[in-house]
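Chain order of the listed sequences is A and B. Each step along the first sequence adds one to the number in this note's numbering, with nothing skipped, and position 596 is 596. Each step along the second sequence adds one to the number in this note's numbering, with nothing skipped, and position 371 is 991. Cβ coordinates follow ideal geometry from the N, Cα and C atoms, glycine included. Given the structure is predicted, the values throughout are model-derived calculations rather than measurements.
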Amino acid sequence: MTQISCDVLAIGGGHAGAEAAWAAANLGARTILVTHDRAAIGRMSCNPAVGGLGKGQIVREIDALGGLMGLVTDEAGIQFRMLNRRKGPAVWAPRAQADSRLYVAVLRRYLENCPNLTIIEAGVDEIRAEPATDPAAESRVTGVLLNDGRRIAATAVVVASGTFLRGLMHTGAEQSAGGRIGEPAAARLSDSLRGLGLTLGRLKTGTPPRVARDSVDFSRLREQPGDPDPAPFSFMTTTITQPQVCCWLTSTNPRIHELLRANLHRAPLYTGQIESVGPRYCPSIETKIVRFPEKERHQIFLEPEGRDSDRIYLNGVSTSVPRDVQEQMVHLVDGLERARIVQWGYAIEYDFVPPEQIDATLMTKRVRGLFLAGQINGTSGYEEAAGQGVVAGINAARFVAERPPVTIRRDQGYIGVMIDDLVTRGVTEPYRMFTSRAEHRMHLRYDNADRRLTPLGREIGLVRDERWRRFEQQRIRFEELMAVLGRVRSEGRSLLEWLRQPDETGERFLDRFPELRPFWQARDVWGRALVAAKYEGYIERQQRAIARFRELEDCALSPETDYDAIPQLRHEARERWKAIRPRSVGQAARVSGIQPTDVSMLIVYLSAQDRLGGPPVISS
Amino acid sequence: MQVPAVQDTIVAVSSGWQAAPLGIVRLSGPDSFALLHALGVTPPAGHVVAPCWSAARLRLDAATTLAANVFWFPAPRSYTGQDVVELHTIGCLPLLRALSEHLIELGARQAQPGEFTARAFLLGKLDATQVDRVLSLMQARDQATRRAQARGGRDGRRHAGERAVERITALLAAVEAGIDFVEEDDVRFVSPAEVVRTLDAVIADLNAACSSGADALPSAYPHVVLAGLPNAGKSTLFNRLIASERALVSSVPGTTRDVLSATLTLDSATIVLQDCAAAGPAGDAEGTGAAGPAEPEAVARAAAANAVRQADLVLWLHAADTAWEPRELEFCGQIPRARRVLVRSKIDLGERTALDDVLLPFSDALPVSALRGDGLVQLRDLLARRVGKLIPPVPGDVSQSDWPAAIAALRRARDLARPRAAGLASPELVALELRAARELLAGDTTPVDEEILARIFSEFCIGK
């Protein structure tokens, strides 16, 4: 049998695996994507939507770096909404319903036409490694063994297994192994990871039932339209061409709550059948009625899975109660009295690798060349997965090329916040992004994702000429506009000063100052000028905070730092740092349980090491 | 998190343990001289080349000035190697604290415990081989400060600060929820009117605490706690040392329920002496569940454990006529040597010169008879000596010096919440100010997001 070989091998065709494969292949690595089923690439296991608070910003960042998710969503999106539009632009976030079939088709088209990328349909049974020569790691990846017996040699492997690692689905007392309805689990990969010295944990998530569109009485539902002028995710998209659809709103009622309460003894979450931790922000309907018994109704969003799809996703009633209870529950909902369930809700438990075992490059600390991305790191959500996929793909390609890894800092993007949270603090439940996690939220905006990350993407090599040209054009136009706004005066004030007023959009100046018109038409540019004007003082303040943050962040720490050698350090600080092995003094300061004096002592110690001519442990 | 970056200017009240006749406020950093200028002090000629001093009146506000001797140490001829100013004035802690808070308002930063020394080290004024000494000082000063802060638990200001942090965090959770969970249009988090109302209340509370003059002075004195097995003679010795009858002296184990405190003036220092009967290992007699629900016992034990943890020195009493018990050895062994003074009490009952006393590392215990008065002079001398060796905490409360800045941030948050009634127009800016205020008041380094999320998920039913 011929031995296949490649530079980077990505396991899993979900949102993390797809981005990883795309990034690695585009950086010139000979890449293989292994997936159970080519037709399931980018399949949306949960709701057919992309974006939202924090998540929408991540998609913009993926796009700014040269990733896929924004482009695919723009092409497959059938309802776009800019959330929080009535609040400040720092917290605006795009969200879109996607046609899930189209999403898969578009993503697949990108990947199948991607040079350097081969897709192989198989499962992976084993990740192979050999003892490492590098003293910091134990072993080094050499390739994988497929479930059809084939071996593939690879210099770097990205595991993006989603919920497939020993996935176990629950609907009532029924349990079945699988990564998703109708798809097999990755049964043997967990043992292989354990064999490489990694520790595994278990998490849980869930999904609601889907109903047939033609069985829904829409006359009883409230319509929820999208924005009339859909704003695209990608900086490369000028207009959304897909015809737009609407969603619908309904809710649960006390009769449903009564029904669920009467059947709690059959709910796997309450019988002890499921022990793993699920996400607090995505509670099942049975959890909601138990935790908030005083609430008489819970919203249900009816989201079409596609423009022509006959399936409707019931967002808000994720559940794993038995089928007969699901059926009764659905029929008690206004508008769903005669609804036909086409897929049962279920909960799924799956293995993950507690993320203290990777560093911010997403490479495991134990195994060189082994990268983890997505739910395997304890996250949830397509966007979170995709964001990690890009970083893992970039670093896998750079690992192969023997180039230094790239990390995204907390002040550069939500992707940076997420990865730093994961590797520094670990997870206790599936991790989801919220804007409240970002201390530099005023800076990590939807509108400036390109300015934050496209130069980095260009430097890495993922941003192609066309994107770069557009980025430069936008930048120049923005500077021109700012100059005009500073120069043109009305009633004794510059337009820039006028724009600082709340609710002032600047539209009223268009007639008097025709030189503004071309900028007004370029909505992006005008929007950025508004943000710059309205947030002026705050942006400066945030920049100062970022500068302070950077001082510690740029203070690199060697993973081999000997914390036992620091005299007088508190025992707890010593143990926490030994467990995490932070890569910068800033990261060391964020480790839980660390106090300011611990960090001060670390700095003093490092400076003494420097002066005594020890190994260079600190640089700035 | 504040760590010894060396670019900014730090300030601290830097006198020792307690209100001495003279108090010192010290500044180090590039803006030290400029900050003095802001206090209306003109430096003497030549202050930029050589250390010198001048008498001056420091202007605290339009109406208040304070007489001080100002010592100017230009870089690099100073302790830290930076421009350093020392302000020597009256040793009144509230006054010194006000002065340091004023300097913080003008742009200085409150120094962390040991930060002046850390700076001196980082800037090469101390030899690299002295790193052990520097680290040990930083650790000791941090611990002493923590102990003093923990003791200040009943201080009115501290209480108000904790209350404010709690209310700000709750408010922040609601404001953040309104940003991150916009799709839940059936859940209402907080109205602008509620934000304004809450913030007005928090600001008023903080201001009241600031002006009430509540003072944590006693918590800044070195604390010495009497500990030992029941019946070791703690209360008798306590009474003898403070020469009063405040403690109930009894031979029934565990009769002194509360922690009794008294200030005691030694030759060179004032200390707080504390007596708590339960300050020792749990005894067999107390532990045999037959006694029923021993709740007061548990309370007393917890209070005592706290007192021991927060003490700068633990005076361990061992009755001379008894043998060392294993639980006593274990408990005593857990107290660091630097914080432990051993006494053989009740020597009037006859000394038990058993072999174990000689072999144990405790053989140097000071023999005392509270009844007859033997050894009391030596004990006072020993205490004075040991207290003199202790590293003092940072005077005042590190966490309270940033209050004026916190109150200013809260005012900005309130003003931002005002303009619209329909919903917060700029929740992201309100949140920014609330976070800034919270960080200044709490003075901690734990990222706040997990706490905010925990509150959101426990209070509101959200998530699809």
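Apart from the 5 residues on each side of it in sequence, B/Ile1011 sits with its Cβ closer than 7 Å to the Cβ of Leu757, Ala760, Arg761, Ala764 in its chain, given in chain order.
Bounds of the alpha helix (DSSP H) holding A/Ile285 are 285 to 291.
Taking 8 Å as the cut-off, the Cβ atoms of A/Ile4 and A/Arg150 count as close. When secondary structure is reduced to three states using DSSP, A/Thr454 falls in the helix class. Only those residues of the segment 647 to 666 of chain B whose C-beta falls short of 7 Å from the nearest C-beta of chain A would be listed, and there are none. Apart from sequence neighbours up to five positions away, the residues of its chain that approach A/Val245 with a beta-carbon distance below 8 Å are Ile78, Gln79, Gln97, Gly226, Pro304, Arg307, ordered along the chain.
Listed by position along chain A, the residues whose Cβ is nearer than 9 Å to that of B/Ala1045 are Arg86, Lys87, Gly88, Pro502, Asp503. Nearest to A/Ile181 by C-alpha distance, out of A/Ile120, A/Pro514, A/Arg202, A/Gly206, is A/Gly206. Under the 8 Å criterion on CB atoms, B/Gln732 is classed as interfacial with respect to chain A. At a beta-carbon threshold of 7 Å, the residues of chain A lying near B/Val754 are Val604, ordered along the chain. A/Gly374 and A/Gly162 do touch by the CB rule: their CB atoms are close to 6 Å apart, below 8 Å. For B/Asp762, the nearest CB of chain A lies under 8 Å from its own CB, placing it at the interface with that chain. One finds Ala748, Val751 in chain B with Cβ atoms closer than 7 Å to the Cβ of A/Ala608, taken in chain order. Bounds of the alpha helix (DSSP H) holding A/His571 are 571 to 580.
Straight across, the Cα-Cα distance linking A/Leu612 with B/Asp747 is about 10 Å.
Using a 10 angstroms sphere on the CB of B/Gln998, the tally of other CB atoms stays under 16, which defines it as exposed.
Contact note: B/Gln759 reaches chain A through Gln568, Leu569, Arg570, Thr597, Met601, using a C-beta cutoff of 8 Å and chain order. DSSP, read as helix, strand or coil, puts A/Arg366 in coil. Under the Cβ distance rule, B/Ala738 counts among the residues neighbouring chain A, one pair being separated by less than 8 Å. Around A/Gln224, the same chain offers Cys246, Cys247, Trp248, Leu249, Phe301 as residues with beta carbons nearer than 8 Å, after the five sequence neighbours per side are excluded.
One alpha carbon belongs to A/Ala173, the other to A/Gln473, and they sit about 59 Å apart. The three-state reading of DSSP puts B/Val928 in helix, counting H, G and I together. A distance below 8 Å separates the beta carbons of B/Ala780 and B/Asp825. Counting only the Cα atoms, A/Glu138 lies some 46 Å from B/Ala790. In chain order, Trp498 place their CB closer than 7 Å to the CB of A/Glu504, counting only its own chain and leaving out the 5 sequence neighbours on each side. Contact between the segment 374 to 385 of chain A and the segment 227 to 245 of chain A is absent: fewer than 3 CB-CB pairs across the two stretches fall below 8 Å. Here A/Lys87 carries a coil assignment [DSSP, helix/strand/coil]. Inter-residue distance for A/Arg464 and A/Tyr110 is about 15 Å (C-alpha atoms, whole angstroms). Taking the beta carbon of A/Tyr538 as reference, the chain B residues within 8 Å of it are Leu1049, Leu1052, listed in sequence order. For A/Gly486, same chain residues with a beta-carbon under 7 Å away, outside a window of 5 residues either side, are Ser494, Leu496 in chain order. When the Cα atoms are used, A/Pro355 and A/Ser190 turn out to be separated by approximately 15 Å. Between B/Glu725 and B/Phe693, the alpha-carbon positions lie close to 23 Å from each other. At a cut-off of 8 Å between C-beta atoms, B/Cys896 does not count as an interface residue with respect to chain A. In this structure, the beta-carbon distance from A/Phe233 to A/Pro94 falls below 8 Å. Neighbourhood of A/Leu53 in chain B, by CB distance below 8 Å: Ile799, Asp800, Phe801, Val802, in chain order. Straight across, the Cα-Cα distance linking A/Asp598 with A/Arg101 is about 53 Å.
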